[in-house]
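Everything in the sequence shown is counted per the working numbering, starting at 44 for the first residue and increasing by one.
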Amino acid sequence: MRRWMGLLFVLAVIVVGGAAAALRTVDTPFRGYEGPEQFVDIAPGTGTAAIGDQLAQAGVVSHPLVFRLALWRTGQARALKAGDYQFTRPLSARDVVGQLARGEVYARTITFREGLTLREMARHFSAQGFGTAEDFLEAASATALISDLDPEATDLEGYLFPDTYALPRRASAADLIVRMVTLFRRHYDGPLFQTVREAGLTTRQVVTLASLVEKETARADERPLVAAVYRNRWTIGMGMQADPTVIYALVQRGTYSGNLTRADLQVDSPYNTYRYRGLPPGPIAAPGLAALQAAVHPADVSYLYFVSRNDGSHVFADTLDEHNRNVQRWQVEYFRQRRQANQPSR
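Structure (structure tokens):
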């Protein structure tokens, strides 16, 4: 009897010791893959056993059973989330479980600032390594995404909302375009759209006007004023006479030199608002929310003109005479004084 009791004691020590060793592996950092990183893409609906197999095969955990033990210790077996996960350093099985439970999936971010055209967005998309500019432009031709709001749209110019987007590793240009249009609609649908309808305007008109505002000023206090200028001109049948629309026409033709000349103002294009009255045929850039709000809620002023002070701000005027004086001061005299100041002294 004493002999059997001794044997049972030894076996108990071995079992307990083995269990303790197994438990220690849950908190022991491990890395079994080569290279700087390893990705594991967990599909929705994947069971915990299959997840453990994936992680072990990828060298993220030492063994599927270690992963299962970590699940048992943490109680997070039901909290694991699907997604594409990136691993770059040794992690314990407990840490791996935590990453999956928190849903810390891999994503790359890309930021589009306000006022970019489709072509500029496409170049940025390509430069950031997400794909080709051609893929982006092709995806941006999917007018079905916006046809209920703008049945006249021939592309998605103006409807790709400027923001920062976090994209999965295998996201396509089409995936990004859908997200950008979805975000536009999230901001536009609702009170803004209701106001547009009550004012008897179309979405295309409002987004086009907002794109002019976006290109003319970056100042929050000036956006409603610039919008008012264009709304006032539009109301009385006056030409928009907006330089950004001419630049847009020249860029589309591939003839923009970087400087707008008097000859450029004569280009025969429906986007040349010096030759053709009213709004241009469509948006000339992607407006942000503030520009959209300004286009829908312009300032209650009678201004018809504005000119740059050359510091990012503008001076506004009601009459042409007042505007001409402002041009003389802030353009003619301003640049004359700068030229004189830069001349070498004799």
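Cβ coordinates follow ideal geometry from the N, Cα and C atoms, glycine included.
Note that the structure is predicted; figures quoted are calculated from it, not measured.
Spatial distance of residue i from residue j (CA atoms)
i: Ala-384; j: Tyr-208; result: 46 angstroms
i: Arg-276; j: Tyr-231; result: 24 angstroms
i: Met-223; j: Leu-203; result: 5 angstroms
i: Gly-146; j: Gly-118; result: 16 angstroms
i: Ala-150; j: Tyr-346; result: 47 angstroms
i: Tyr-299; j: Thr-186; result: 27 angstroms
i: Ala-92; j: Phe-227; result: 41 angstroms
i: Arg-382; j: Val-375; result: 11 angstroms
i: Phe-52; j: Gly-75; result: Any reading at Phe-52 needs caution, since the residue's pLDDT is 37, under 50, leaving its predicted position unreliable; the model's value is listed next. Going by the C-alpha atoms only, they are around 37 angstroms apart.
i: Gly-243; j: Leu-322; result: 15 angstroms
i: Val-344; j: Leu-252; result: 17 angstroms
i: Ile-279; j: Gly-331; result: 27 angstroms
i: Ala-183; j: Asp-286; result: 25 angstroms
i: Leu-98; j: Arg-67; result: 19 angstroms
i: Pro-107; j: Tyr-291; result: 58 angstroms
i: Asn-302; j: Leu-308; result: 11 angstroms
i: Pro-194; j: Arg-132; result: 51 angstroms
i: His-167; j: Ala-334; result: 22 angstroms
i: Arg-379; j: Val-269; result: 27 angstroms
i: Asp-311; j: Ala-328; result: 20 angstroms
i: Trp-115; j: Gly-95; result: 13 angstroms
i: Glu-200; j: Phe-155; result: 13 angstroms
i: Trp-47; j: Gly-78; result: Residue placement at Trp-47 is poorly supported in this model, since its pLDDT is 48, which falls under 50; the coordinates still yield a value, given next. Using only the alpha carbons, I get a separation of about 53 angstroms.
i: Thr-260; j: Arg-266; result: 7 angstroms
i: Ala-165; j: Arg-296; result: 17 angstroms
i: Thr-175; j: Ala-360; result: 45 angstroms
i: Val-350; j: Val-358; result: 6 angstroms
i: Arg-262; j: Gln-237; result: 26 angstroms
i: Thr-152; j: Asn-369; result: 43 angstroms
Opening and closing residue of the alpha helix (DSSP H) in which residue i lies
i: Ala-253; result: 246–259
i: Ile-290; result: 286–296
i: Leu-180; result: 176–182
i: Arg-166; result: 161–170
i: Arg-240; result: 234–241
i: Gln-336; result: 332–339
Secondary structure of residue i, DSSP reduced to three states
i: Leu-268; result: helix
i: Gln-97; result: helix
i: Phe-52; result: For Phe-52, the predicted structure reports a pLDDT of 37, less than 50, and the residue's modelled location is therefore unreliable. A value from the coordinates is still provided. In the structure shown, Phe-52 sits in a helix (DSSP, three-state: H, G or I).
i: Tyr-128; result: strand
i: Arg-151; result: strand
i: Phe-227; result: helix
i: Tyr-299; result: coil
i: Phe-110; result: helix
i: Arg-46; result: With a pLDDT of 43 at Arg-46, under the threshold of 50, the modelled position of this residue cannot be trusted, and the question is left open.
i: Thr-207; result: strand
i: Leu-308; result: helix
i: Phe-73; result: strand
i: Leu-134; result: strand
i: Gly-102; result: coil
i: Gly-141; result: helix
Residue from the options with nearest C-alpha to residue i
i: Met-281; options: Ala-144, Asp-307, Arg-320, Ile-290; result: Arg-320
i: Val-140; options: Ala-196, Thr-160, Leu-112; result: Leu-112
i: Tyr-348; options: Asp-307, Ile-85, Glu-365; result: Glu-365
i: Ser-135; options: Phe-73, Asp-264, Val-83; result: Phe-73
i: Ala-144; options: Arg-67, Phe-110, Glu-181; result: Phe-110
i: Ala-217; options: Glu-181, Glu-77, Pro-330; result: Glu-181
i: Asp-84; options: Arg-166, Pro-326, Arg-213, Tyr-314; result: Arg-213
i: Glu-80; options: Pro-267, Leu-235, Asp-127; result: Asp-127
i: Asp-264; options: Gly-355, Ala-125, Phe-155, Pro-87; result: Gly-355
i: Tyr-314; options: Ser-169, Gly-297, Leu-293; result: Leu-293
i: Ala-173; options: Ile-220, Val-350, Val-103; result: Sequence check: residue 173 is Phe here, not Ala. Here the closest residue by C-alpha is Ile-220.
i: Leu-210; options: Glu-200, Leu-188, Val-148; result: Val-148
i: Glu-257; options: Thr-288, Thr-175, Asp-96, Gln-295; result: Thr-288
i: Thr-197; options: Pro-341, Pro-326, Gln-371, Leu-363; result: Pro-326
i: Pro-234; options: Arg-305, Gln-336, Thr-225; result: Gln-336
Residue range of the beta strand (DSSP E) that includes residue i
i: Phe-82; result: 81–85
Residue i Cβ short of 7 angstroms to the ligand PLP heavy atom set
i: Ala-334; result: This structure simply doesn't include the ligand PLP, nor any ligand for that matter.
- Query: What beta strand (DSSP E) runs, 3 residues minimum, are completely inside the stretch 345–384?
  - Reply: 348–351, 357–360
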